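J.: Heads up: the sequence lines are chains E and U, in that order.
Numbered by my numbering, the letters in the first sequence go through residues 400 to 682 in order.
Numbered by my numbering, the letters in the second sequence go through residues 400 to 682 in order.
The C-beta atom is built at its ideal place from N, Cα and C for all residues, glycine as well.
In this text, all values refer to a predicted model and were calculated from it rather than measured experimentally.
2 protein chains.
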Amino acid sequence: MTIDENWYSEAARGFGMSLEISEKLHEEQSPYQKIEIYQTKTFGRLMTLDGLTMVTDRDNFVYHEMMSHPVLFNHPNPKDVAIVGGGDCGTLREVLKHGSVKSAIQIELDECVTRVAEEFFPELCESNSDPRATLLFEDAIAWMQNAKPKSLDIIILDTTDPVGQAKRLFSEAFYTDCLNALREGGMVVAQSESPMFDKELISDIHSELNKAGFAEIQTIHFPQITYPSGWWSATMARRDQKFGDFREQSVIRKPFATKYYNADIHRACSALPQFLLDALDAN
Amino acid sequence: MTIDENWYSEAARGFGMSLEISEKLHEEQSPYQKIEIYQTKTFGRLMTLDGLTMVTDRDNFVYHEMMSHPVLFNHPNPKDVAIVGGGDCGTLREVLKHGSVKSAIQIELDECVTRVAEEFFPELCESNSDPRATLLFEDAIAWMQNAKPKSLDIIILDTTDPVGQAKRLFSEAFYTDCLNALREGGMVVAQSESPMFDKELISDIHSELNKAGFAEIQTIHFPQITYPSGWWSATMARRDQKFGDFREQSVIRKPFATKYYNADIHRACSALPQFLLDALDAN
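#1: At 7 Å on the CB atoms, spell out the chain U contacts of E:GLU419, in chain order.
#2: Nearest by alpha-carbon distance to E:GLU651: which of E:ILE664, E:GLN640, E:PHE642 is it?
#3: Is the Cβ of E:TYR660 closer than 8 Å to any Cβ of chain U?
#4: Express the C-alpha separation of U:TRP630 and U:PHE519 in angstroms, rounding to a whole number.
#5: Could you check how far apart the C-beta atoms of E:SER602 and E:PHE414 are, in whole angstroms? I think they sit under 8 Å.
#6: Tell me which same chain residues have a C-beta within less than 7 Å of the C-beta of E:LYS610, skipping the five on either side of it?
#7: Using 8 Å as the Cβ pair cut-off and three pairs as the minimum, do the region 501-520 of chain E and the region 468-488 of chain E touch?
#8: I want to see whether chain E comes within less than 8 Å of U:ARG492, judged by CB atoms only; does it?
#9: Scan the region 428-452 of chain U for residues whose Cβ lies nearer than 9 Å to a Cβ of chain E and list them as they occur along the chain.
#10: In terms of alpha-carbon separation, which member of E:LYS641, E:THR625, E:ALA678 lies closest to E:TYR407?
#11: Return the chain-ordered list of same chain residues with a C-beta closer than 8 Å to the C-beta of E:ARG567, the five sequence neighbours on each side being excluded.
#12: On the DSSP letters alone, give me the boundaries of the beta strand (DSSP E) that U:LEU568 sits inside.
#13: Classify U:ASP487: buried if its beta carbon has 16 or more other beta carbons within 10 angstroms, exposed otherwise.
#14: By the three-class DSSP mapping on this structure, what secondary structure does U:THR657 have?
#15: Does the count of Cβ pairs from the region 584-598 of chain E and the region 546-556 of chain E closer than 8 Å reach three?
#16: How long is the line joining the alpha carbons of E:SER499 and E:PRO477, rounded to whole angstroms?
#17: Using a Cβ-Cβ cutoff of less than 6 Å, which residues in the same chain neighbour U:ALA614 once the five nearest sequence positions on both sides are dropped?
#18: Given a cut-off of 8 Å on the beta-carbon distance, is the pair U:SER632 and U:GLU599 in contact?
#19: Please list the partners that U:ASP629 has in chain E, where partner means a Cβ-to-Cβ separation under 7 Å.
#20: So, are the CB atoms of U:SER528 and U:LEU491 less than 8 Å apart?
#21: If you draw a straight line from the C-alpha of U:ARG531 to the C-alpha of U:CYS524, how long is it?
#22: When the cut-off is 8 Å and only beta carbons count, does E:ASP597 lie next to chain U?
#23: Let's see if you can read the secondary structure: which residues bound the alpha helix (DSSP H) around U:ILE604?
#24: What does a CB cutoff of less than 6 Å around U:LEU534 pick up in its chain, not counting 5 residues either side in sequence?
#25: Can you check whether the C-beta of E:ARG666 is within less than 8 Å of a C-beta belonging to chain U?
#26: Suppose you measure from the CA of E:MET465 to the CA of U:ILE420; what does that come to, to the nearest Å?
#27: Could you run through the region 594-618 of chain U and flag, in chain order, every residue whose CB is less than 8 Å away from some CB of chain E?
#28: Buried or exposed for U:VAL562, please, with buried defined as at least 16 other CB atoms from any protein chain shown within 10 angstroms of its CB.
#29: Taking only beta-carbon positions, decide if E:GLN648 is within less than 8 Å of chain U.
#30: Would you list the one or two residues that DSSP bridges to U:THR439?
#31: Measure from the C-beta of E:LEU671 to each C-beta in chain U and report whether the shortest distance is under 8 Å.
#32: Excluding the 5 residues flanking U:LEU581 on each side, which residues of the same chain have their C-beta closer than 6 Å to its C-beta?
#33: Do you know whose CA, among U:ASP644, U:TYR437, U:LEU448, U:ASN459, lies nearest U:TYR431's CA?
#34: On the criterion of 16 or more Cβ atoms from any shown chain inside 10 Å, does U:ASP576 qualify as buried, or is it exposed?
#35: Helix, strand or coil for U:PRO521? Go by DSSP, reduced to three states.
#36: Under 7 Å from any heavy atom of the ligand SAM, does the C-beta of U:ARG666 make it?
In structure tokens form, the structure reads like this:
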């Protein structure tokens, strides 16, 4: 097969990922970015923002499960959750599978992303009308600055890449606002890009979280086929204590199915490759 | 960036991976396949066989380490090792880092692959002249049929995809010959393709190993950026007993450096995604 105009391609840093397309289903320019939806041949539907892959039907489960269940099953009793970004609503759906959660607030800048997701990825949005869910469309930086102190148990930073305005979401100042909004024992988790391509960024995130005063910081990693390098990470930090044991029995007995996450994966996902440990140690 | 004629692309099953190329360094048709070497922009050198990615400078360390160290550090005292395939010699190099290894025999069908590797990937071939190494260029099926019973501790199946002739390397008959060639406590490990794209194949490998009479079978997984889906697996099987504990202290004190593998990764790499567990259970 040849990569031609029948493929969607994302290429940067000398590496390209392509998905074969059967048709383009939608295109719009929101106030913030160009949103496109394609029907792929083997990955279901694909959403891109400014030409970068955000979500496909086939592989989004890994990312959404790994952005939510490791922190939620680590916390002893997560009640109040905030999701920054997350416009496709897949993370919100995973969060609301936890019976302990009383409130999940999603703060996404671009309402168009969520409206397009509701139309083209209805299964990711199936919990949007859950009475525990609140969907806000505004600047998360300002929202976090004004958040009530010690009002949240978990903050999930389901953001785009640290480019342009989104850079501020990877800074000590923003992490300090997150820390102040967390209750004792609270945790933040940030998507932290590719271990292969972005180890310096992952190091920087550790530094910024450390400067913000988090007590323990831990990167986890997982395959993510359609993101650059096919390998992705998230970095978790806990406000004022070590992560300690996770709720293993709750994972084993969880009343919902997962496709990637399970108790063994929970234990395994924080085992870091030697080159990444070396990069973090050198920082 | 656009994927054009300045990129090498591999595309199948609706998914493509591309590497930006600065020049083609070599091309030859061996008796078995077309061997090409490219200089890439960001992945160092690239070797392809019949248009399929075999090895790049940048990411081969993950594959070669994970095909060798998990089995070798699981075995209490690996002395005699056979590598089937492995023509780029990167696995052989990792195996010979183990001081316990007295003999490592590589049985590669296509001598041209190794000669090209020696020229273009000299660092992968740096142990080819180790007095413990024997490089054979012949059919591994026949070699294994004729192998002395109970003469090997570890067999590494560093093969191409199960297509054409190579299919026989994924069969009960071949696995039975491997089992007979292994000493008590001996282990085989086979590269077993992508967890995302090939879960049926991984299931089949478990079945064939089971039919051949192996006592315990375990799949491990790891990122492999330039292989289809960017995510790869290997399946290990032990002749007549459970894997048991690995030599953790030997890993911690190993006298050589690794870039991916370490003791935490050893424990973690066998934690399987739920969808793969479900597929194996259903088999």
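T.: In short:
#1: As a working note, residue 419 of chain E is residue 20 in the first sequence. Correct list: GLY413.
#2: Numbered from 1 along the first sequence, position 252 holds the residue referred to as residue 651 of chain E. Per the sequence shown, residue 651 of chain E should be read as Ile rather than Glu. The shortest C-alpha separation from E:ILE651 is found at E:ILE664.
#3: By one-based count along the first sequence, residue 660 of chain E stands at place 261. Output row for E:TYR660: interface = yes.
#4: On the second sequence, residue 519 of chain U is found 120 positions in, with the first residue counted as 1. On the second sequence, residue 630 of chain U is found 231 positions in, with the first residue counted as 1. So the two alpha carbons sit approximately 25 Å from each other.
#5: Within the first sequence, the letter at position 203 stands for residue 602 of chain E. Within the first sequence, the letter at position 15 stands for residue 414 of chain E. Not confirmed; about 21 Å, so no contact.
#6: For this step, residue 610 of chain E is matched to residue 211 along the first sequence. Excluding residues within five positions, the ones whose Cβ falls inside 7 Å are GLU571.
#7: yes
#8: Stepping through the second sequence from its first residue, residue 492 of chain U is reached at position 93. Not flagged as an interface residue toward chain E: U:ARG492, since no C-beta distance is shorter than 8 Å.
#9: Going along the region 428-452 of chain U in chain order, one finds THR439, LYS440, THR441, PHE442 with a Cβ nearer than 9 Å to chain E.
#10: What you label residue 407 of chain E is simply residue 8 of the first sequence in a count that begins at 1. Cα-wise, what sits closest to E:TYR407 is E:THR625.
#11: For the purposes of this step, residue 567 of chain E is taken as residue 168 along the first sequence, with counting starting at 1. Cβ within range, chain order: ILE540, PHE573.
#12: For the purposes of this step, residue 568 of chain U is taken as the residue at position 169 of the second sequence. U:LEU568 -> no beta strand (DSSP E), and no H or E assigned at all.
#13: Taking the first residue of the second sequence as position 1, residue 487 of chain U is located at position 88. Buried, since its Cβ has 16 or more Cβ neighbours within 10 Å.
#14: The residue you call residue 657 of chain U lines up with position 258 of the second sequence. Under the three-state reduction of DSSP output, U:THR657 falls in the coil class, being neither helix nor strand.
#15: Note that the region 584-598 of chain E touches the region 546-556 of chain E; at least 3 beta-carbon pairs, one per stretch, sit closer than 8 Å.
#16: For the purposes of this step, residue 499 of chain E is taken as residue 100 along the first sequence, with counting starting at 1. For the purposes of this step, residue 477 of chain E is taken as residue 78 along the first sequence, with counting starting at 1. Cα to Cα, the separation comes out at about 6 Å.
#17: Along the second sequence, read from residue 1 onward, the residue named residue 614 of chain U stands at position 215. Once the five neighbours on either side are set aside, the close Cβ partners of U:ALA614 are ARG637, ASP639, GLN640.
#18: Position 233 of the second sequence holds residue 632 of chain U. Position 200 of the second sequence holds residue 599 of chain U. Contact flag unset, no.
#19: Locating residue 629 of chain U in the second sequence gives position 230, counting from the first residue. Residue identity check: residue 629 of chain U is Gly in the sequence provided, not Asp. Per Cβ cutoff of 7 Å: PRO622, ILE624, SER628, GLY629, TRP630.
#20: The residue labelled residue 528 of chain U in the question sits at position 129 within the second sequence. The residue labelled residue 491 of chain U in the question sits at position 92 within the second sequence. No Cβ-Cβ contact shorter than 8 Å links U:SER528 with U:LEU491.
#21: Position 132 of the second sequence, counted from the first residue, corresponds to residue 531 of chain U. Position 125 of the second sequence, counted from the first residue, corresponds to residue 524 of chain U. Whole-angstrom Cα-Cα distance: 14 Å.
#22: Position 198 of the first sequence holds residue 597 of chain E. Taking Cβ atoms only, chain U never reaches closer than 8 Å to E:ASP597, which makes this a no.
#23: The residue labelled residue 604 of chain U in the question sits at position 205 within the second sequence. It spans 598-611 - the alpha helix (DSSP H) in which U:ILE604 sits, taken as one unbroken run.
#24: For the purposes of this step, residue 534 of chain U is taken as residue 135 along the second sequence, with counting starting at 1. Answer for U:LEU534: GLN505, listed in chain order.
#25: On the first sequence, position 267 is the one that residue 666 of chain E refers to. So yes, E:ARG666 belongs to the interface.
#26: As a working note, residue 465 of chain E is residue 66 in the first sequence. As a working note, residue 420 of chain U is residue 21 in the second sequence. Distance from the CA atom of E:MET465 to the CA atom of U:ILE420, rounded to whole angstroms, is 34 Å.
#27: PRO594, MET595
#28: Taking the second sequence and counting its residues from 1, the one referred to as residue 562 of chain U is at position 163. Classification of U:VAL562: exposed, given that the 10 Å Cβ count is below 16.
#29: As a first step, residue 648 of chain E is located in the first sequence; it is residue number 249 there, counting from the start. So no, E:GLN648 is outside the interface.
#30: What you label residue 439 of chain U is simply residue 40 of the second sequence in a count that begins at 1. Beta-bridge pairing links U:THR439 to U:ILE420.
#31: Start at 1 with the first residue of the first sequence, and residue 671 of chain E comes out as number 272. Judged by the 8 Å Cβ criterion, E:LEU671 is in contact with chain U.
#32: Taking the second sequence and counting its residues from 1, the one referred to as residue 581 of chain U is at position 182. These residues qualify, in order along the chain: LEU551, ARG638.
#33: For the purposes of this step, residue 431 of chain U is identified with residue 32 of the second sequence, where counting begins at 1. The candidate whose alpha carbon is nearest that of U:TYR431 is U:LEU448.
#34: Start at 1 with the first residue of the second sequence, and residue 576 of chain U comes out as number 177. U:ASP576 is buried by the Cβ-count criterion.
#35: Translated into the one-based positions of the second sequence, residue 521 of chain U becomes position 122. U:PRO521 falls in the coil class under three-state DSSP.
#36: Questions concerning the ligand SAM fall outside what the structure shown contains, since it holds no ligand whatsoever.
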